[in-house]
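What follows is one structure encoded as structure tokens, with my remarks underneath.
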Amino acid sequence: MATKKEAIVLYPTAAIGHLVSMVELGKFILTHQPSLSIHILTTVAPYDAGSTARYISGVSGTVPSITFHSLPAVTLPPSIHSTANHETLTFEVLRLNNPNVHQALLSISKGYTIHALILDFFCSQAISVASQLNIPAYCYFTSGAASFAMFMYLPTIHNTTNKSFKELNTHLNFPGLPPMPSWDIPKPLLDRDDPAYKSFLNCSVLTPKTAGIIINTFEALEPTSLKALSDGSCIPDGTTPPVYCIGPLIAANNQTGGEHECLNWLDSQPSKSVVFLCFGSLGVFSKEQLKQIADGLERSGHRFLWVVRNPPSEESKNLADSSQNDPDLDSLLPEGFLARTKERGFVVKTWAPQVAVLNHEAVGGFVTHCGWNSTLEAVCGGVPMIAWPLYAEQRLNRVVLVEEINIGLWMHESESGLVMANEVEERVRELMESKKGELVRNRVMAVKAEAKAALLEGGSSSFALRKLVQSWKKK
Ligand SMILES: O=c1ccn([C@@H]2O[C@H](COP(=O)(O)OP(=O)(O)O[C@H]3O[C@H](CO)[C@@H](O)[C@H](O)[C@H]3O)[C@@H](O)[C@H]2O)c(=O)[nH]1
């Protein structure tokens, strides 16, 4: 009988920031073990999670060892849509998907020996499917070690209080993290009666049962959090599985499939002179907030490249929605702003080729929502940040980036939640003109060098990947 080919199955969530990261993991595994076949299970998101179809067909066309399997769509009960947040909808779809994951694994295993199922942290409910089929499950965490450490310690905190984080109003001590204001914990975790809180808690309880944890970070970036994980402090009542830090994995420089006009504009700007403002796959602002940013940029006198989207509709709860048309800049931005700043500013509608921008010589600063992919992309480009979190675990990331790693400055929100024009102006000036800005810039350049070293043969991330691949061979 012919021996079966060997395969690894990856199970990401549908959000583009998670999917791309998982695909990069697949590609990285192939660089060390080209004979493997990588199978990726894809789901349909219950909300607009960024367009994935074009991206998936691009990967399918260029990496023959990666095959996508699209799981059948599941139907959510209509009642859930009216009340639930994005996280609850995601968990619900993933829960209903378990029989489809089971079926897909059975069907793949007809032609392949599956060595591992690597699931996104959000997909932890499928760990039971892997164990029914005797396939080792691994968790892939697409954000940093600090937020992973927080999630692993969540069950411990949960058991020591009856209160929700939103009632605590204090600084919390998570092993391996700087003192964390309770209001900077990810929003769905603030209320313990929120269904998303229960789902996250469940993921935190299930993840230590995996055969290993893979994190998109590198040892030199987050040594304190990683030490707390490896010495077991984050999971005091259980065993911490082996942790493999294989990052920074970021998408290659080819996101738009062509030269974007903003790159031509950057070509004509002086070295490290431009501040880039971009807020992830889902970040959007009200018209009033856009006005404050515009005024702040104008007053700062600095060059800028700014990605502007339409404000959110009522229903989309401050995230970009699927009907995202290009914005009408003249009606959204202050009168005359574009004309007055045309010598030193460039506004991109909706989406920019971020990796290419961050690697452009002209870019000297990045106002970011602190999504983890954006953070790693800034690190790899050696671009210091101004940290302005919007959703998910981004407030926690800000604390870590500014207070622990020292590669960003803190953007302060006013009491109303708006960031005012004078704050935008001051932070941009601080980053581009002050001694403090220079320190952050020097620090990010040092971290950039460490990131590069981690991925080289013999570097910490390369070594971790080798150990991971070896762990499959032993099983
Ligand atoms: O105009 C744009 C906007 C975004 N991007 C890319 O889109 C990705 C955005 O990823 P990320 O910065 O991680 O933000 P989100 O899309 O918001 O990612 C989700 O997933 C991340 C990883 O788990 C979390 O850290 C975030 O908080 C969560 O919101 C990055 O690769 C960007 O380069 C562009 O190329 N152009």
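Residue numbers (our numbering): 220 to 694. Every residue gets a Cβ at the ideal spot worked out from N, C-alpha and C, and that includes glycine. Just so it is clear, the structure is predicted and the values come from calculations on it, not from any experiment.
(request) Using three-state DSSP, classify Gly600 as helix, strand or coil. (result) As a working mapping, residue 600 is identified with position 381 in the sequence shown. Looking at Gly600 - three-state DSSP - the assignment turns out to be helix.
(request) Would you identify the three-state DSSP class for Tyr230, choosing helix, strand or coil? (result) Stepping through the sequence shown from its first residue, residue 230 is reached at position 11. Three-state DSSP puts Tyr230 in a strand.
(message) I'd like to check one pair, Phe585 with Phe495: are the Cβ atoms closer than 7 Å?
(response) Start at 1 with the first residue of the sequence shown, and residue 495 comes out as number 276. Start at 1 with the first residue of the sequence shown, and residue 585 comes out as number 366. Contact flag set, yes.
(request) Could you check what DSSP says for His390 in three-state terms: helix, strand or coil? (result) Taking the first residue of the sequence shown as 1, we reach residue 390 at position 171. In this structure, His390 counts as strand in the three-state DSSP scheme.
(request) Give the straight-line distance between the Cα atoms of Phe437 and Ser550, rounded to the nearest whole angstrom. (result) By 1-based counting over the sequence shown, the position of residue 437 is 218. By 1-based counting over the sequence shown, the position of residue 550 is 331. Those two C-alpha atoms are separated by around 44 Å.
(message) Please report the straight-line C-alpha distance between Pro489 and Ser633, rounded to a whole angstrom.
(response) Position 270 of the sequence shown holds residue 489. Position 414 of the sequence shown holds residue 633. Pro489 and Ser633: Cα-Cα distance of roughly 33 Å.
(request) Could you say which of Val462, Thr361, Ala335, Arg314 lies nearest to Ser442 if we only look at CA atoms? (result) Start at 1 with the first residue of the sequence shown, and residue 442 comes out as number 223. According to the sequence shown, residue 442 is Pro rather than Ser. Looking at the Cα atoms, Val462 is the closest of the given residues.
(message) Under 6 Å: does the beta carbon of Asn304 sit that close to some heavy atom of ligand 1?
(response) As a working mapping, residue 304 is identified with position 85 in the sequence shown. It does not: the Cβ of Asn304 is nowhere closer than 6 Å to a heavy atom of ligand 1.
(request) From the DSSP output, in three-state form, read off His479 for me. (result) Sequence index remark: in the sequence shown, residue 479 carries index 260 (1-based). Reduced to three states, the DSSP call for His479 is coil.
(request) Work out the CA separation of Val618 and Arg648 for me, nearest whole Å. (result) Indexing the sequence shown from 1 puts residue 648 at position 429. Indexing the sequence shown from 1 puts residue 618 at position 399. The straight-line gap from Cα to Cα measures roughly 21 Å.
(message) What does the alpha-carbon distance come out to for the pair Ser541 and Lys692?
(response) For this step, residue 541 is matched to residue 322 along the sequence shown. For this step, residue 692 is matched to residue 473 along the sequence shown. Any reading at Ser541 must be qualified, since the residue scores a pLDDT of 46, below 50, and its modelled position is unreliable; no value is offered.
(request) Helix, strand or coil for His237, going by three-state DSSP, please let me know. (result) In the sequence shown, the residue the question calls residue 237 occupies position 18. His237: helix per DSSP, three-state reduction.
(request) Using 10 angstroms around the beta-carbon of Ser276, count the other beta-carbons present and answer buried if the total reaches 16, otherwise exposed. (result) Taking the sequence shown and counting its residues from 1, one reaches residue 276 at position 57. Exposed: under 16 other Cβ atoms inside 10 Å.
(request) Report the three-state DSSP secondary structure of Cys422 (helix, strand or coil). (result) Translated into positions along the sequence shown, residue 422 becomes position 203. Residue state, collapsed to three classes: helix.
(request) State the start and end residues of the unbroken alpha helix (DSSP H) segment that holds Tyr372. (result) Within the sequence shown, numbered from 1, the residue matching residue 372 stands at position 153. Tyr372 -> alpha helix (DSSP H) spans 364-379.
(request) Please list the segments of the beta strand (DSSP E) lying wholly inside the stretch 319-344, counting only runs of 3 or more residues, in order along the chain. (result) 331-339
(message) Quick check on the burial criterion: 16 or more other C-beta atoms within 10 angstroms. Buried or exposed for His334?
(response) Within the sequence shown, the letter at position 115 stands for residue 334. It counts as buried.
(request) Could you tell me whether any non-hydrogen atom of ligand 1 is closer than 6 Å to the CB of Val582? (result) By one-based count along the sequence shown, residue 582 stands at place 363. Answer for Val582: no, Cβ out of range of ligand 1.
(message) Taking the beta carbon of Arg522 as the centre, do at least 16 other beta carbons fall within 10 Å, making it buried, or is it exposed?
(response) Position 303 of the sequence shown holds residue 522. It is buried - the Cβ of Arg522 has at least 16 other Cβ atoms within 10 Å.
(message) Suppose you measure from the CA of Ala447 to the CA of Pro405; what does that come to, to the nearest Å?
(response) As a position in the sequence shown, residue 447 is number 228, starting the count at 1. As a position in the sequence shown, residue 405 is number 186, starting the count at 1. Approximately 20 Å between the Cα atoms of the pair.
(message) In this structure, how does DSSP classify Ser542 when only helix, strand and coil are distinguished?
(response) Position 323 of the sequence shown, counted from the first residue, corresponds to residue 542. Because Ser542 sits at a pLDDT of 49, beneath the cut-off of 50, its placement in the model cannot be relied upon, and the following sentence gives the value as read from the coordinates. In the structure shown, Ser542 sits in coil (DSSP, three-state: anything other than H, G, I, E or B).
(message) Taking the beta strand (DSSP E) that Ser289 belongs to, which residues open and close that run?
(response) Position 70 of the sequence shown holds residue 289. Residues 285-289.
(message) If you follow the alpha helix (DSSP H) that Arg662 is in, where does it begin and where does it stop?
(response) As a first step, residue 662 is located in the sequence shown; it is residue number 443 there, counting from the start. Counting along the chain, the alpha helix (DSSP H) containing Arg662 begins and ends at 654-674.
(message) Check whether the stretch 426-436 and the stretch 350-365 touch, using three or more Cβ-Cβ pairs below 8 Å as the test.
(response) yes
(request) Could you tell me the boundaries of the alpha helix (DSSP H) in which Lys568 lies? (result) Your numbering for residue 568 matches position 349 in the sequence shown. Unbroken run through Lys568 is the beta strand (DSSP E), 564-568; no alpha helix (DSSP H).
(message) Quick check: what's the CA-CA separation for Asn625 versus Glu478?
(response) Position 406 of the sequence shown, counted from the first residue, corresponds to residue 625. Position 259 of the sequence shown, counted from the first residue, corresponds to residue 478. For Asn625 and Glu478, the distance between alpha carbons rounds to 33 Å.
(message) Could you check whether the Cβ of Gly499 sits closer than 6 Å to any heavy atom belonging to ligand 1?
(response) Mapped onto the sequence shown, residue 499 falls at position 280. Gly499: yes, Cβ under 6 Å from ligand 1.
(message) Just to check my reading of the structure: Pro374 and Leu420 have Cβ atoms closer than 8 Å, yes? What is that Cβ distance to the nearest angstrom?
(response) Here residue 374 corresponds to residue number 155 of the sequence shown, with the count starting at 1. Here residue 420 corresponds to residue number 201 of the sequence shown, with the count starting at 1. Correct: roughly 6 Å between the Cβ atoms.
(request) Go ahead and label Leu697 buried or exposed: buried means 16 or more other beta carbons lie within 10 angstroms of its beta carbon, across all protein chains shown. (result) Residue 697 lies beyond the residue range present for the chain, which begins at 220 and ends at 694; the question has no answer from this structure.
(message) Considering Cα atoms alone, identify which of Phe341, Pro455, Leu336, Ser366 is closest to Ala415.
(response) The count along the sequence shown starts at 1 and reaches residue 415 at position 196. Looking at the Cα atoms, Phe341 is the closest of the given residues.
(message) In whole angstroms, give me the CA-to-CA distance for Thr475 and Pro572.
(response) Against the sequence shown, residue 475 aligns to sequence position 256. Against the sequence shown, residue 572 aligns to sequence position 353. Note that Thr475 scores a pLDDT of 48, beneath 50, so its modelled location is shaky; the value from the coordinates is reported in the next line. Computed Cα separation, rounded: 6 Å.
(request) Determine, using beta-carbon pairs with one atom in the stretch 640-654 and one in the stretch 507-517, whether at least three such pairs fall under 8 Å. (result) yes
(message) What does the alpha-carbon distance come out to for the pair Thr271 and Gly236?
(response) The residue given as residue 271 occupies position 52 in the sequence shown. The residue given as residue 236 occupies position 17 in the sequence shown. Their Cα atoms are separated by approximately 10 Å.
(message) For Phe495, list the residues DSSP reports as bridge partners.
(response) On the sequence shown, residue 495 is found 276 positions in, with the first residue counted as 1. Its beta-bridge partners are Leu524, Phe585.
(request) State the start and end residues of the unbroken beta strand (DSSP E) segment that holds Thr361. (result) By 1-based counting over the sequence shown, the position of residue 361 is 142. Thr361 -> no beta strand (DSSP E), and no H or E assigned at all.
(request) Indicate whether Ile285 and Leu255 have their beta-carbon atoms separated by less than 7 Å. (result) Taking the first residue of the sequence shown as 1, we reach residue 285 at position 66. Taking the first residue of the sequence shown as 1, we reach residue 255 at position 36. Contact flag unset, no.
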